[in-house]
Structure formats: C-alpha cells, structure tokens
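Visitor:
There are 2 protein chains.
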Amino acid sequence: MTDLHTLLLRELGPEIVCSDEALTRDCSHDESEQAPAIPDAVVAPTDPLQVETLLRLAAEHRFPVTPRGAGTGKSGGSVPVRGGAVLTLHRMDHVLELDPENLLAVVEPGVTCARLQRDAEAAGVFYPPDPASLETCSLGGNVAENAGGPRAFRYGVTREYVLGLEAVRMGGERFDVGHRPVKGVSGYDLAALLTGSEGTLAVFTKLIFKLIPRPGEPGLLILYFPGLQDAVRAVTVLVQRRFFPMALELLDRPSLEAARGPGFAPPDDAGGALFCELEGLAGDEAIGRGVLDCLADAGCPPSGFELRRDPEGAGAAWDARRDVSKRLKARFAHKISEDVAVPRALLPELVRNVGEIADGLGLDSACYGHAGDGNLHVNFLTDKDPQGFLAAVERLFRITLLLGGTLSGEHGIGTLKRRFLPAEHAPAALAMFRAVKRAWDPLDLLNPGKIL
Amino acid sequence: MTDLHTLLLRELGPEIVCSDEALTRDCSHDESEQAPAIPDAVVAPTDPLQVETLLRLAAEHRFPVTPRGAGTGKSGGSVPVRGGAVLTLHRMDHVLELDPENLLAVVEPGVTCARLQRDAEAAGVFYPPDPASLETCSLGGNVAENAGGPRAFRYGVTREYVLGLEAVRMGGERFDVGHRPVKGVSGYDLAALLTGSEGTLAVFTKLIFKLIPRPGEPGLLILYFPGLQDAVRAVTVLVQRRFFPMALELLDRPSLEAARGPGFAPPDDAGGALFCELEGLAGDEAIGRGVLDCLADAGCPPSGFELRRDPEGAGAAWDARRDVSKRLKARFAHKISEDVAVPRALLPELVRNVGEIADGLGLDSACYGHAGDGNLHVNFLTDKDPQGFLAAVERLFRITLLLGGTLSGEHGIGTLKRRFLPAEHAPAALAMFRAVKRAWDPLDLLNPGKIL
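Protein chains in written order, with the working numbering: chain A, 27 to 478; chain B, 27 to 478.
(1) Does any C-beta atom of chain B lie closer than 8 Å to the C-beta of Ser-212(A)?
(2) Can you name the start and end residues of the beta strand (DSSP E) that Asp-52(B) belongs to?
(3) Between the alpha carbons of Arg-444(A) and Lys-236(B), how many angstroms are there, rounded?
(4) Are the Cβ atoms of Ile-362(B) and Glu-59(B) separated by less than 8 Å?
(5) Would you decide whether Glu-479(A) is buried or exposed? Buried here means 16 or more other CB atoms lie within 10 Å of its CB.
(6) Grab the span of the alpha helix (DSSP H) containing Asn-172(A) for me, first residue to last.
(7) Take Glu-224(A) as the anchor and find which of Pro-62(A), Glu-161(A) and Gly-103(A) has the nearest alpha-carbon.
(8) In chain order, which beta strand (DSSP E) runs of at least 3 residues are fully inside the stretch 160-235 of chain A?
(9) Between the beta-carbon of Gly-190(A) and the beta-carbon of His-205(A), is there less than 8 Å?
(10) Would DSSP call Phe-301(B) helix, strand or coil?
(11) If we call anything under 8 Å between Cβ atoms a contact, is Ala-284(A) one with Leu-354(A)?
(12) Report, in whole angstroms, the separation of the C-beta atoms of Gly-400(B) and Gly-309(B), which I expect to be a contact under 8 Å.
(13) Assuming the contact rule is C-beta atoms closer than 8 Å, Tyr-250(A) and Pro-328(A) should be a hit. Round their C-beta distance to whole Å, please.
(14) If I follow the unbroken beta strand (DSSP E) through Lys-361(B), where does it start and stop?
(15) Measure the Cβ-Cβ separation of Met-118(B) and Pro-71(B) and say whether it is below 8 Å.
(16) With distances taken Cα to Cα, identify the nearest neighbour of Asp-52(A) among Lys-100(A), Gly-245(A), Ile-42(A) and Thr-114(A).
(17) Counting C-beta neighbours from all protein chains within 10 Å, is the total for Thr-544(B) 16 or more, i.e. buried, or is it exposed?
(18) Interface residues of chain B around Asp-467(A) at Cβ under 7 Å?
(19) Pull up the DSSP beta-bridge partners for Phe-290(B), would you.
(20) Among residues of its own chain, excluding the 5 on either side of Val-183(A), which ones have a beta-carbon nearer than 6 Å to its beta-carbon?
(21) Beta-carbon separation of Pro-448(A) and Leu-456(A) under 8 Å?
(22) Select from the stretch 195-223 of chain A all residues with a C-beta closer than 8 Å to any C-beta belonging to chain B, and list them in chain order.
(23) Shortest alpha-carbon distance to Glu-332(B) belongs to which of Glu-192(B), Pro-293(B), Asp-156(B) and Gly-325(B)?
(24) Considering Cα atoms alone, identify which of Leu-276(B), Val-121(B) and Leu-142(B) is closest to Pro-374(B).
(25) In terms of residue numbering, what span does the alpha helix (DSSP H) encompassing Pro-74(A) cover?
(26) So, are the CB atoms of Ser-101(A) and Thr-138(A) less than 8 Å apart?
(27) Return the chain-ordered ranges of every alpha helix (DSSP H) run that is complete within the stretch 420-467 of chain A and spans a minimum of 4 residues.
(28) Report the partner residues of Thr-114(B) according to the DSSP bridge assignment.
(29) Against chain A, with Cβ distances strictly below 8 Å, would Ser-434(B) count as a contact?
(30) Please report the residue range of the beta strand (DSSP E) in which Thr-138(B) lies.
(31) Taking C-beta pairs closer than 7 Å, name the residues in chain A that Gly-400(B) reaches, listed in chain order.
(32) Would you mind working out which of Ile-248(A), Phe-406(A), Ala-384(A) and Ala-343(A) sits nearest His-360(A), comparing C-alpha positions?
(33) With Gly-398(A) and Val-261(A) assumed to form a contact (beta carbons below 8 Å), what rounded beta-carbon distance in angstroms separates them?
(34) Within a Cβ cutoff of 7 Å, which residues of the same chain sit near Phe-270(B), ignoring the five residues on either side of it in sequence?
(35) Going straight from the alpha carbon of Val-107(B) to that of Pro-93(B), what length do you get?
(36) Find out if the Cβ-Cβ distance for the pair Val-462(B), Leu-422(B) is shorter than 8 Å.
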C-alpha cells in the first residue's frame with residue numbers, strides 16, 4: 027500500500043479509493059502499444075464533489091492524476107506513466123437528461139457510447155459518433171480524444187456533438203462551459219478546447235450532447251474492387267457526385283482477410299472493399315442501385331457487391347470490420363498501428379506509399395479506415411524482428427506531412443506520438459500548446475507526459 | 027498626427043500606415059450601438075510580415091491593437107475603445123487556393139464571405155455560412171466572431187468549416203494551427219479556440235476552410251401563419267419530422283412589415299412567416315409540396331405560402347430579409363438588438379416573453395432570425411425615450427438564461443454584452459476565460475475591453 031493510497035483512503039474513504047488489485051492492473055494500460063504502468067492509487071468517484079476533492083489534494087500534495095474513461099484508447103493517453111492516482115470515471119454512468127424535443131442529452135462521463143446511441147434511438151433521435159470500441163468506450167473518453175468512427179464521414183466527429191460540459195481542473199475548481207442551444211458564442215469556446223485535450227486540461231464530470239433526428243433505417247452496401255486503388259478512387263467519385271453515405275469505410279486485402287469469419291466472407295479476388303452504409307437502404311433497395319449506377323457511370327464499377335439490408339447481416343459485417351484491429355494483432359507477432367489523415371483526394375498517394383514503405387522494410391501492412399475522411403488506420407505487421415517499425419512509422423509520417431496531412435485523425439497523440447509532434451507543428455505553435463497547458467495546469471500534474 | 031502614427035509610419039512606411047481621415051473614421055465604429063472611438067493610427071497590411079512587425083512593436087511599446095475585418099460586427103468587437111492602432115485586414119484579400127477535389131479553400135482574412143461563396147460555386151463546390159452582411163463582411167471577421175446565418179440551421183456555423191489557420195499573437199509570433207484533412211487531433215484544438223475569440227487572442231493571416239459539394243439549386247418556400255406561435259410551432263414539427271431545409275428563418279409581424287418592399291409583399295393578415303430554403307426546389311416543385319403536406323398532416327398548415335423557385339424571386343425575398351435590421355433602424359428613433367439563443371423547443375416561451383417585456387415597458391419589439399437554431403434576433407424599438415431598453419434587455423437575458431439559453435447565438439460579446447457575462451458564466455468559468463486570455467496576451471493589448 028502506497029503513501030498516496032493511504033492519504034486518499036483517509037480523505038475519500040474506502041468506497042471511492044479502490045484496493046482491488048485487478049482494477050489497479052486494468053488501470054495500468056490502454057489498448058495501445060504503450061507499456062503498462064501501475065498507479066500508486068485508483069480513485070473511482072461517484073460524484074463530482076469527489077473529483078473536486080481529489081484534484082484539490084493533488085495540487086496540495088503535488089501528485090499526478092491520470093483520468094481514465096474505459097481504457098479503450100489507442101495512443102497511451104490513459105496510462106499513468108508518471109504514477110500517482112488514476113481517476114477512473116466508470117462509476118459516474120448516469121444518463122441525466124434525454125430530451126428528444128430539444129435534441130439534446132446530458133450524461134455523466136462514464137456512460138458508454140453505445141448506451142447513449144441506444145437510449146437516443148429508443149427516443150426517436152440519434153447520436154452519430156461511433157468509434158469501433160463503442161460498446162465499451164466511455165463518452166468522457168470520446169470527448170477527451172475527440173473520437174471519430176465510420177459515421178464521422180457524414181456526421182462529423184465527437185466535437186460536433188459537444189454543446190457544453192462541466193469539468194474540474196487541477197486544484198479542484200469545477201465549472202461549466204459551452205451552452206445548451208445549438209449555437210452560442212458567449213465567451214471563449216472552452217468546450218471546443220477541452221474536446222480532444224486528452225485529459226490534460228480538465229476532468230469532465232458532465233457532458234451536454236447535441237442529438238439529431240433519427241435517420242431512416244440504414245442498410246450496408248459492400249463494394250468489392252479488383253485493386254485497392256480502385257476502391258480509393260470510388261471514394262472520390264462518390265463524394266464529387268454528392269453521395270454522402272452514413273459511412274464510407276475502406277478495407278485493403280489484408281484487412282479483408284482479417285475480417286473474414288462466419289458472418290463475413292469477402293471474395294478471394296477482391297483487392298479492396300468499401301463499406302457503404304446508406305440511409306434508408308433497409309426499406310428501399312433502389313438506394314443501393316443509385317450508388318452502383320454512379321460508379322458504373324464514372325467508369326469505376328465494383329467487381330462485386332453485397333447488399334445487407336437486414337440489421338443482423340449488416341451488423342455481422344460491421345462487427346467483422348470493428349474486429350480487424352484485434353484480429354491483426356492475433357495473427358502477427360508484432361503490430362504497430364497508426365492513424366494518419368490526409369486531404370481526401372491524396373489518399374491514393376498515401377496508400378501507394380504505405381505499400382512501398384512496407385515492401386522496402388520487409389514488413390507486412392494492412393490499411394483500413396475512414397476513407398471518406400482521408401483518415402487511414404495504417405498497420406505495419408511482422409512475425410520477425412519488429413525493428414523496422416520505427417523506420418516505417420517515420421517514413422509514414424514524413425509522407426503524410428508532405429501530403430499536407432496530420433499524424434492523428436482521431437486516436438490522439440498520447441504518449442506514443444508525442445515525440446513526433448515537432449515534425450507537424452512549428453516551435454511557435456508548440457509554444458502555444460505549452461502556454462495553454464500552463465494556464466490550466468501550471469504544475470503539470472493532470473495527465474502528465476501526454477501530448478507535450 | 028499622434029506619436030503612435032509617427033512611430034508606425036517610420037517602422038512600417040506610408041504604404042501600410044494610413045493617413046486617410048475617412049478610413050480612420052471608418053475604423054472608429056462597427057454596425058452596433060457601441061459609441062465610435064477614433065484610433066491613434068490605422069495600419070492596413072498587405073503581408074503577414076507586417077502584421078508580425080506591428081504586434082512586435084505593440085508589445086515593445088505597449089500600445090493596444092484592435093484587429094478589424096470589414097466592421098460589420100454587431101457587438102462592438104472591432105471598435106478601438108482603448109485607442110492605439112486599428113489593424114484593418116481588408117487589403118489581405120487573396121483567395122490562395124481553391125481545391126474542389128479536396129474540398130478545401132485557403133484564403134487571406136480580407137476576402138469577403140460572398141466572394142468565397144461565389145468562387146466555390148463556380149468551381150462546383152459550396153461554402154455554407156451566410157451572415158446577413160455576407161456581401162461585405164470578411165472571412166477573418168467571420169472566424170473571429172464564429173458567424174452564423176440562415177444556413178447554419180442545416181450546415182452549422184463558421185466553426186464547422188475552419189480546418190486550420192495561420193495567426194500572429196501579440197508580440198509578433200506567427201504560427202499555424204489546425205489541419206488540412208477534414209479530421210485531425212494532433213495537439214490542442216487551437217483553431218477551435220481562436221474561432222469566436224473576437225480578435226482578443228491572435229490576428230488571423232490565413233484561413234483554411236472546409237468546403238462541401240454543391241447542393242442542388244435551392245428555391246424558397248415562404249410560409250405565412252396566422253400568429254407568430256403557429257410559425258414557431260411549425261419549426262419544431264419540421265425538425266421532428268426530419269425536414270432539414272437549407273435555412274429556416276422566422277419573421278414576426280413587425281419584421282415582415284419592415285421587410286415589405288418592391289420585391290416582397292407579405293399578406294396583411296400574416297402574424298408570422300417562415301423562410302424555408304429547400305435544396306432542389308428550383309428544379310422540382312414537389313419538394314415544396316412535401317413540406318406543406320407535413321405541416322398539414324401535423325395540424326399546423328400555413329394560412330398562405332409563396333413558392334419562389336427562380337433565383338431572382340428568391341434573392342429579392344432574401345435581400346428583404348437581410349435588410350430587416352437596417353429598415354427597423356430607419357423606422358424607429360431608437361433600436362436595440364439582441365441575439366439570444368435557447369434550446370429550440372423553448373422558442374415559443376421566449377417569444378411569448380419578448381411580447382410581455384415590450385408591452386410591460388411600453389416598447390415596440392420585432393423578432394426575426396434563425397428559428398431552426400433557437401437563435402432569435404430580438405429588437406426593442408421606440409420613438410420615445412429609450413430609457414426602458416436597459417430593463418428590457420435585463421429581462422430578456424434573465425428569461426433566456428432561465429430557459430437554459432445563451433446571451434449570444436452568433437454576434438459575440440464584444441463591448442456591449444461584457445457586463446452581462448457574469449450572469450451566464452460562473453466565477454470559475456470566467457477565471458478560465460481570463461487565464462486563457464493571459465496565456466495568449468498577458469499585457470492585455472490585443473483588442474482590449476472586449477469579452478472580459
């Protein structure tokens with residue numbers, strides 16, 4: 027038992043300060059390649075007042091606090107790399123308001139993304155963001171990372187749905203920012219600044235989300251193409267011709283192989299595929315025909331397609347897609363996953379380079395992700411010595427930035443990409459990042475070692 | 027000639043430092059009720075390096091700098107209330123990139139909103155934000171104020187279109203923030219923080235905007251209702267039934283009277299109207315029928331309607347709508363205009379209260395604006411002594427906040443609403459606003475006297 031654990035036990039009580047070894051181990055890692063780090067204490071509050079107390083004590087006693095949603099992050103953001111306390115918000119999991127008339131929801135940070143989606147749909151409304159981990163990831167974590175997902179293509183990322191939030195900063199001050207109406211410009215947009223700040227500026231205790239009317243029942247049109255570049259080209263064609271599916275996901279050949287299973291059997295000759303989720307397709311087959319006609323007309327018809335208009339069939343394919351990352355991890359001894367984004371029309375160039383980088387270093391690769399957004403999950407894979415990974419990632423980042431892209435489309439910087447940050451941002455911008463961090467957390471105690 | 031003018035003339039030259047009295051007078055005011063203030067000098071750069079120089083000199087010599095777009099603001103944001111230099115960006119007016127394939131544009135801050143819209147449409151793409159002043163307002167000002175407009179209802183406000191920007195902070199450091207891909211979470215979202223910061227944190231020298239594919243040619247369906255509440259109710263009905271027009275604007279009886287003119291003649295018995303801009307209506311009359319059927323089905327049919335499917339007819343009605351503010355100003359000796367927003371379904375309650383407030387104080391009132399967003403431009407009007415205005419505004423803000431609303435949906439806080447800011451934001455939130463301001467501009471020299 028650490029001194030910190032003893033202190034917190036005295037101040038917050040055994041209900042809140044966890045002595046469970048399994049939970050402590052859980053709180054030592056996320057779902058990235060970041061090495062685990064065991065915290066000195068784990069605090070699981072049920073109330074914002076306990077969050078205030080913890081952050082007041084942390085400032086007084088100068089110990090680090092690492093906030094944690096559900097630990098599904100991909101960049102090491104919730105790993106307590108400097109020890110101290112992990113603040114896990116999974117017990118603050120109430121949906122406080124669901125207001126279909128005003129199209130808004132107020133929730134605690136521990137509510138899962140899927141829970142809000144289901145509650146919203148039951149009320150006839152819709153919460154679009156859908157990271158692959160949606161069944162387990164928390165909305166607090168989604169806002170901290172500004173999570174995306176397939177539906178970001180049509181509906182935008184988490185940020186577009188954060189109207190306001192309640193947060194506690196290091197030192198224990200709690201405050202509200204943002205607004206409940208869909209528009210508001212009263213004061214600085216601190217809700218937007220906190221969204222995507224990776225738990226380094228404040229801890230969320232309440233979130234106000236915008237909802238939208240529920241779209242028509244979607245269906246899934248899976249398009250297979252001879253080569254990956256054909257699939258990538260189809261993305262540009264669809265966007266230019268004003269098709270905006272609810273999702274437009276790309277899978278290359280290795281990703282299709284990883285996705286293969288009882289519910290999903292891609293043809294052997296497909297070099298790439300698009301998952302094209304179409305509003306209203308469940309009730310109207312003609313909607314799928316429109317996409318096929320458009321692609322034929324543009325001279326890039328798919329070599330095959332599947333229409334999955336029933337929720338079960340579509341769900342099985344989506345499950346397979348969401349499991350690609352896990353299954354690639356199981357198939358190869360070593361895997362490193364990146365999350366770069368480029369302007370959409372430059373995706374063919376990015377994809378070509380990924381192939382060249384992997385070939386040049388004797389690695390396997392798999393690319394899948396949100397092609398409609400120019401955001402690709404690039405995986406380098408090997409069963410041999412993974413020492414080529416570093417060069418692969420460096421080359422990937424170099425070409426990404428040359429193409430005007432960014433190191434992370436949706437996973438965040440965390441611990442894993444922080445040393446690459448100066449490659450994307452000039453010293454003057456990094457200085458402003460640091461100035462903002464200092465303004466919120468001058469002692470660098472809140473989620474230290476992340477981003478900067 | 028002031029000392030400051032002399033200093034700047036020496037450092038920046040007569041090409042950049044303006045000696046024109048008319049321009050100096052122009053730079054003393056915006057389009058709000060804020061009293062004019064003559065600056066000590068006016069600087070009109072053509073290059074970011076000159077902006078750097080000015081902001082370096084300002085920090086060295088400790089003089090205030092008030093950045094200025096086109097002076098069309100409604101909250102006093104560009105009025106140099108503490109003197110010093112006005113930095114007018116109207117000469118930095120180049121469209122640097124227009125890339126329809128990647129759906130992005132890079133512009134200098136002095137480009138007008140309408141210019142970007144026209145250039146985008148000529149290239150087959152679309153820039154949605156459309157503040158009423160779009161023909162003259164600058165994009166730099168739009169980003170500084172996070173401008174809205176009628177089309178925010180379907181397409182969101184300016185913030186949703188800012189991918190990244192180049193800015194110079196007090197002291198002269200220039201930096202880039204944001205990204206060119208549609209998604210990006212690398213570092214703090216400083217582009218989002220700067221959007222809506224009213225020129226108090228940094229001066230924009232370049233803006234990267236997201237564009238979208240050009241929608242089908244719109245037409246305008248004008249719906250007239252017996253009473254204002256009928257029109258407000260129709261908004262909720264349309265949203266609930268998933269009609270998302272490109273714009274959904276409300277006008278009450280006095281606003282309709284003000285809008286009346288050669289191109290727009292509302293029926294005498296209309297108590298309220300909705301301007302419903304529908305994608306594709308120009309080419310397909312049936313699209314208007316869908317809205318009418320929906321309203322009839324919901325038991326709130328309009329008492330009359332006009333279909334304006336040709337650009338000229340629709341344009342004349344929009345011009346009339348955009349001129350309502352100006353015409354109300356011309357009709358009454360005194361006018362005060364607010365810009366509150368509430369959750370959409372509470373609009374009937376807000377509208378009812380506006381009527382009661384005006385009646386109770388013997389004032390006239392006119393309400394119009396972005397009903398689909400719950401964002402209403404509330405005007406109190408009188409030809410007599412305007413001393414009731416203060417009480418009217420205080421009551422309006424009180425009911426707005428009681429309804430969970432915000433003091434400003436799109437015009438900003440500027441000078442005019444800063445003393446009301448503590449009514450909306452708790453001390454801890456205001457403290458964070460100040461901490462952010464200090465991090466960027468510790469000497470309070472950049473647009474001082476605004477927001478805080």
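Heads up, the beta-carbon is just placed ideally off N, CA and C, and yes, glycines get one too. In this text, all values refer to a predicted model and were calculated from it rather than measured experimentally.
Guide: Here's the rundown:
(1) yes
(2) Here Asp-52(B) belongs to no beta strand (DSSP E); instead the alpha helix (DSSP H) covers 47-52.
(3) 27 Å
(4) yes
(5) Absent from the structure is residue 479(A), since the part of chain A shown begins at 27 and ends at 478.
(6) It is not in any alpha helix (DSSP H) - Asn-172(A) carries neither H nor E in the DSSP assignment.
(7) Gly-103(A)
(8) 188-194 and 200-204
(9) yes
(10) strand
(11) yes
(12) Contact doesn't hold; Cβ gap of about 31 Å is too wide.
(13) 5 Å
(14) 360-367
(15) yes
(16) Thr-114(A)
(17) The requested residue 544(B) does not occur in the structure, where chain B is confined to residues 27 to 478.
(18) Neighbours of Asp-467(A) on chain B: none; closest Cβ ~10 Å, over 7 Å.
(19) Gly-287(B)
(20) Asn-172 and Gly-174
(21) yes
(22) Arg-195, Glu-199, Arg-200, Phe-201, Asp-202, Val-203, His-205, Arg-206, Pro-207, Val-208, Lys-209, Gly-210, Val-211, Ser-212, Gly-213, Tyr-214, Asp-215, Leu-216, Ala-218, Leu-219, Thr-221, Gly-222 and Ser-223
(23) Pro-293(B)
(24) Leu-276(B)
(25) 74-87
(26) no
(27) 447-450 and 453-466
(28) Arg-94(B)
(29) yes
(30) Where Thr-138(B) is concerned, there is no enclosing beta strand (DSSP E), given that its DSSP letter is neither H nor E.
(31) Pro-207 and Val-208
(32) Phe-406(A)
(33) 6 Å
(34) Arg-180
(35) 12 Å
(36) no
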